[in-house]
Structures are given as C-alpha cells and as structure tokens.
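For the sequence shown, this note's numbering gives the first residue as 41, with consecutive numbering after it. Where a beta carbon is used, it is the ideal one built from N, C-alpha and C, also for glycine. Report on the structure given below.
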Amino acid sequence: MAERYDCHYCKESLFGKKYVLREENPYCVKCYESLYSNTCEECKKPICCNSRDLSYKDRHWHDDCFHCFKCNRSLVDKPFSTKNEELLCTECYSNEYSSKCYECKKTIMPGSRKMEHKGNSWHETCFTCQRCQQPIGTKSFIPKDNANYCVPCFEKQFALQCVQCKKVHTVYNSTDCFLCTGCKEQLSGQRFTSRDDFPYCLNCFCNLYAKKCSSCTSPISGLGGSKYISFEERQWHNDCFNCKKCSIDDILCPDCGKNI
41 MAERYDCHYC
51 KESLFGKKYV
61 LREENPYCVK
71 CYESLYSNTC
81 EECKKPICCN
91 SRDLSYKDRH
101 WHDDCFHCFK
111 CNRSLVDKPF
121 STKNEELLCT
131 ECYSNEYSSK
141 CYECKKTIMP
151 GSRKMEHKGN
161 SWHETCFTCQ
171 RCQQPIGTKS
181 FIPKDNANYC
191 VPCFEKQFAL
201 QCVQCKKVHT
211 VYNSTDCFLC
221 TGCKEQLSGQ
231 RFTSRDDFPY
241 CLNCFCNLYA
251 KKCSSCTSPI
261 SGLGGSKYIS
271 FEERQWHNDC
281 FNCKKCSIDD
291 ILCPDCGKNI
C-alpha cells in the first residue's frame, strides 16, 4: 500500500493535486495561499501561486499591478524610482522631481552628472564659459552678470592690466607692483595720492610737490580735509597763520595794524 502524502496543514491527501513545498513540508495550494501568500500593495488581494510575485523593499505586487503611479505604464523589468512610497517610471520621476538645467531648461536625468552653483543646476555639457563656450567642468571659474567664465577668459575680457608690469591683475599680483614712485615702498594698505598718473606715498608727495608753510616751513599737504591759508603767493597751515605782533609771523591782525 502506497504511503500517504498529505498537506502539512489541513492533512488532506495531495495525491493527484498541485501542492507547494515550504521548508520541505508540502501544502495544498489553498492552505499555502491562506498561510503564506503576500498581499499586493496595489489591489490588496493575495498574490496566488500561479502569479508572479514582484517585490521591492518588503512590498509586493502582482505583475499587472506593478505600474507607474503617474502614467500607469508597466514597470515590469524596467528601471523605476520611488517617491513617498509611490512607484514612478524614470521619465515621470524626472519630470516631477529632477532638477532643470539653468541653461537649456531641460530635465537633468537621474544618474547623469550635473554641476551646481548657488542653488542652480546645469548639465555638465551646458556648464560652459560664456566667452570660449568650453565646458568648465571642475576647473576654477568666475561668475559675472549671470554668466560664468573660465579664469583665462575672465582675465582677458575683464581684468585690468597693471600699468607697471603690464600683466593682468589677479588676486596674487594685484598689489605687488603698487609702489610709491618716489621711495618705491608698497602703497597697499596706506594713504597715497597721485601726480601725472604716478602714485606717491604722502611723505614723498609732500616733500616733492607740496608748498611749504611760510611759518613752520613744513609741507602743506592739503589732503584729508586739512585747512591752509594762501595770501600774496604765500601759504600757511591754518594753525600757523598768526598775527606777527601778538605771535611770531609778519602778518598783522586788523587791530594791531591800526597802530602802524
């Protein structure tokens, strides 16, 4: 007599019937689906033994229920993304959530390389120098007037040329040539003036060009709002312009001049 082969759960004979093995124990289809079938996320019905069970992160779907939340196209054997637990085809996800290129206004597809600067995004091939139109990539660049320039192009188009060495000003050499014409000392960080387009420190300018006070003989710079007095081709510091009789100069105030 043949040995019985029964369902592990309901004990009914499996002879001549379909069954499913689980952990080496046989189950009739009815018992197996009741005990172990997953519930479809879309239709909430059990996924039967004769249906393919598609799973993603412990969630399960029937073949026909595994589709894009937006356009309803099937996602079986196709790339997809998720947002707020919703399945989305690559195109719908890109249109809905991906960054738009600041230059061409098209979607930057997931997985493609993008460049970002101050909250804006570009395709790698769209992030180019405004002047030479070459991709900037990871090279240094300088933004100006809503456009970006590679450093060489920016210097050619916008940077000033040093009147001393004739080189383009950069953050590295912009002060190296800024010297006093007289003493050749560095002028960066100190007060200066110019004459005939040549820069001078205040000492050199005063010694070379400033008029001398008729009283103290020191230079009168006239810079920084300092006051001076000029009379009959002579000049005085404001504090040095005193009456000769009641002070030390040969200028008389109106009261003292009455007695002469």
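Item	Value
Residue environment, leucine 75, which counts as buried when at least 16 other CB atoms sit within 10 Å	exposed
Which listed residue (Glu73, Cys71, Asp98 and Lys70) has its alpha carbon closest to that of glutamate 81	Asp98
Neighbour flag for tyrosine 240 against chain B, beta carbons, 7 Å	In the displayed structure, chain B is absent; only one protein chain is listed.
Range covered by the beta strand (DSSP E) that runs through glutamine 275	274-277
Other residues of its chain near lysine 123: CB distance less than 8 Å, five sequence neighbours each side excluded	Tyr133, Glu136 and Tyr137
Close Cβ partners of arginine 62 (< 6 Å) along its chain, the five nearest in sequence each way excluded	none
Three-way DSSP call (helix, strand, coil) for threonine 130 in this model	helix
Three or more C-beta pairs below 8 Å linking the region 164-171 and the region 192-200	yes
Expected contact under 8 Å - CB spacing of glutamate 164 and lysine 154 to nearest Å	7 Å
Proximity below 7 Å, CB of cysteine 217 to CB of cysteine 244	no
For glutamate 225 and asparagine 282, the rounded distance between their alpha carbons	37 Å
Nonlocal neighbours in the same chain, by C-beta distance under 8 Å from proline 259, ignoring five residues either side	Cys246, Asn247, Ala250, Lys251, Lys252 and Cys253
Runs of alpha helix (DSSP H) lying entirely within the region 88-160, each at least 4 residues, in chain order	130-137
Selected residue, minimal CA-CA separation from glutamine 230, among Phe238, Leu219 and Asp237	Leu219
Straight-line Cα distance separating phenylalanine 198 from valine 116	55 Å
Other residues of its chain near threonine 130: CB distance less than 6 Å, five sequence neighbours each side excluded	Pro119
Spatial distance of cysteine 105 from serine 114 (CA atoms)	8 Å
For cysteine 71 and valine 60, the rounded distance between their alpha carbons	9 Å
Residues that threonine 168 bridges to, as DSSP identifies them	Pro175
Within 7 Å, strictly: CB atoms of cysteine 141 and tryptophan 162	yes
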